[in-house]
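Working notes for the structure below.
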Amino acid sequence: MRPSLRTLAIAAVATIVTGYAMVFFSAPLDVEGFVQKIFYLHVPLAICALVGFIVAAIHAIRHLRTNDPVHDARAYVSIHLSVIFGVGVLLTGAIWAKAMWGKWWVWDEPTLVSFLIVFLLYCTYYPLRYAIEDRERQARYSSVFAITAGAFVPLNFLAVRLAEPLIHPRTFSSSGGLPGEMMFTFLVCLAGMALLWVALVRFELASKGAKADLGRLRRALEGEDRPPAPARATIAPAHVSMLRSDDEAARSPRPPGAV
Amino acid sequence: MSALGAILGKDLRVELRTLRSLPAMALFATAIFISFRFALDRTSLEGDLAAGVLVTTILLAALLAVSRLFVSESEEGGFDLIRLAPVDRTALFAAKAAALWIYLAALELVAVPLFALFFLDSGAGLLPLVAVLVLVNVGLAATGALISTIATMSTARDLLAPLIMLPLLIPLVIAASGAVEPLLDAGGPGYHHFGRWLAVLGLYDLVFLAVGYAVFDFLLED
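What follows is the structure, encoded as structure tokens:
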């Protein structure tokens with residue numbers, strides 16, 4: 066069963082609060098000291114953003130296959146939120162780099178450099194989308210971009226990793242990875258961030274849906290307000306029924322697999 | 019296949035008669051070499067610097083061709099004719115990618131000897147360089163044909179193509195520079211990680227040829 070938006074939002078806030086309370090009060094200090102705690106924010110943000118880009122590519126494939134604008138909206142919102150999360154990844158990454166290596170930006174750190182390139186590519190999604198006027202074509206071309214960029218993400222990580230020495234701390238590396246308690250805290254933070262991503266995606270989709278409904282209703286009102294005064298009395302109930310039907314349509318179950 | 023041949027033949031004939039892309043690309047590449055000579059303040063290049071200058075120049079010159087690739091289709095109604103013709107629309111993608119590959123190869127026939135003349139002490143690394151350039155051109159052609167179609171249909175054609183192409187080509191630049199760097203070393207060509215970088219280039223080419231083949235149909239729907 067799909068949880069309601071309210072339940073999802075409460076779950077996201079509760080998990081994040083729990084996760085970061087654990088980060089500050091119970092997770093043991095690493096050899097890197099207090100600054101290592103930014104890892105619990107930086108890595109979940111990065112994982113959510115990258116998974117979000119892949120989710121967008123999957124929605125884009127579905128959009129091209131079904132031509133259903135809902136999938137295009139989901140791809141758009143997924144990319145939008147992942148780009149916002151991406152800003153967080155780059156900022157927290159820069160803070161970490163400053164604390165660890167004394168510089169705000171280090172080029173021999175492949176994961177962050179790869180992320181910057183991916184982020185840069187996805188930033189071009191907006192000028193592309195808004196440079197195409199025809200709605201259907203805009204949706205189709207945006208989907209083609211989302212698929213192309215989705216294929217680009219793993220290739221880019223491979224190329225950058227091969228080009229650079231490995232100095233980025235490996236989360237699950239061969240050196241043993243995280244000790245149990247840190248790993249548990251990390252997983253709670255990751256779950257919280259993932260819930261936040263899903264909740265924000267659903268909020269934005271709901272907002273977009275409500276905006277579209279409002280626009281439709283307004284156009285319908287304006288179209289029907291034109292007739293002379295006597296007609297108004299008969300139109301009013303029609304509005305009520307139209308509102309109701311739209312409201313019901315908005316509440317109707319969504320297709321399975323929706324974000 | 020015949021549609022591919024017809025479109026490719028048309029493009030090459032138009033280019034031979036009008037010479038709109040190739041001379042511009044060659045002049046552009048020459049100007050970039052001269053800019054690098056002064057910007058880096060070097061009269062000879064080797065290793066990583068030589069690889070960077072060569073790969074960047076080819077990349078920038080390719081962007082010129084990419085932005086012009088579909089001009090005749092969008093201005094003279096070629097897209098509508100392809101939609102009406104009973105042919106596989108992917109033929110247009112394949113033909114445009116092939117045309118772009120040929121333009122790039124022609125550019126390199128001029129630009130690489132010129133680069134060697136300007137900056138290199140020895141031409142020993144030029145022969146294995148051909149293998150790298152063949153793969154680089156395939157990657158540039160596949161992404162170029164795809165992105166050029168998207169950009170052509172938008173209102174910001176000249177802006178969008180380079181904007182999307184440059185980040186998309188970064189893995190290609192990394193692999194190409196990695197492969198070219200030891201070839202242009204001062205002490206004669208080396209082959210450190212050469213096969214690995216060629217494999218990355220080949221993978222990049224395969225992925226974007228496959229993506230282009232899979233999605234191109236949707237770009238031509240109306």
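So the protein lines, in turn, are chains A and B. Counting from 1 along the first sequence, just add 65 to a position and that's the residue number in my numbering. Counting from 1 along the second sequence, just add 18 to a position and that's the residue number in my numbering. Even for Gly, the Cβ is constructed at its ideal location relative to N, Cα and C.
If you draw a 10 Å sphere on the C-beta of A:Y190, you find 16 or more other C-beta atoms in it, and that means buried.
Contacts with chain B at 7 Å (Cβ-Cβ) include A:L220. A straight line joining the alpha-carbon of B:L26 with that of A:L286 spans about 54 Å.
Nearest in C-alpha terms to A:L270, of all of A:A111, A:C113, A:V135, is A:V135.
In terms of Cβ geometry, A:V183 and A:N221 form a close pair [threshold 7 Å].
Against chain B, the CB of A:T213 has a partner CB under 7 Å away; the residue lies at that interface. Under the three-state reduction of DSSP, A:D95 is assigned to strand. Taking a cut-off of 8 Å for Cβ pairs, the region 118-135 of chain A and the region 95-110 of chain A do not touch, as fewer than three such pairs fall below it. Sequence-distant Cβ neighbours of A:V148 in its own chain, meaning closer than 6 Å and more than five residues away, are Y187. At a cut-off of 7 Å between beta-carbon atoms, A:V209 makes contact with chain B. Selection A:P219, A:A121, A:A111, A:V263 evaluated against A:F251 yields A:A111 as nearest (Cα-Cα).
With distances taken between CA atoms, B:G208 lies nearest to B:D66 out of B:S85, B:D66, B:T108.
Cβ contact annotation for B:L151 (same chain, cutoff 6 Å, sequence separation greater than five): E126, in chain order. For A:L70, not one C-beta of chain B is nearer than 7 Å to its own C-beta. The C-alpha of B:A42 lies about 8 Å from the C-alpha of B:L82. In this structure the region 68-82 of chain B lies against the region 194-204 of chain B, because at least three pairs of beta carbons, one per stretch, are closer than 8 Å. B:P185 is classed as buried because its beta carbon has at least 16 other beta carbons within 10 Å across all chains shown. For B:G157 against B:L118, the beta-carbon gap comes to about 11 Å, at or over 8 Å, which does not count as contact. Using a Cβ distance threshold of 7 Å, A:A264 and A:A122 do not count as a contacting pair. Boundaries for B:L87: no alpha helix (DSSP H) harbours it, and the DSSP string shows neither H nor E there.
Around the beta-carbon of A:W166, fewer than 16 other beta-carbon atoms lie within 10 Å, marking it exposed. Contact between the region 161-178 of chain B and the region 107-122 of chain B is present, with at least three C-beta pairs closer than 8 Å. Here the alpha carbon of A:T213 sits roughly 15 Å from the alpha carbon of A:V116. Across the set B:R101, B:A159, B:D106, B:E94, the C-alpha of B:D106 shows the shortest separation from the C-alpha of B:L22. About 5 Å separates the CB atoms of A:P175 and A:V225; that is less than 8 Å, so the two are in contact. A contact is defined here as three or more CB-CB pairs under 8 Å, and the region 79-99 of chain A meets this definition with respect to the region 243-257 of chain A.
Ranked by how close their Cα comes to the Cα of B:V229, the residues B:S195, B:A159, B:A193 have B:A159 in first place. A:V171: not part of any alpha helix (DSSP H); DSSP gives it neither H nor E. Runs of the alpha helix (DSSP H) spanning 4 or more residues and lying entirely within the region 108-144 of chain B occur at 108-137, in chain order. In the three-state scheme derived from DSSP, where H, G and I count as helix and E and B as strand, B:R60 is classed as coil.
Taking the Cα positions, B:V218 is about 23 Å away from B:Y121. The CB of A:R205 comes closer than 8 Å to the CB of F236, L237, E239 in chain B, given here in chain order.
About 6 Å separates the beta carbon of B:L216 from that of B:L153, a gap short enough to meet the 8 Å contact definition. Looking from the CA of B:A24, the closest CA among B:R214, B:D240, B:A103 belongs to B:A103. Nearest neighbour of B:A232 by Cα position, chosen from A:P244, A:I160, A:A125, A:K276, turns out to be A:A125. Of the candidates B:A179, B:L138, B:V89, B:T170, the residue whose Cα lies closest to the Cα of B:V32 is B:V89.
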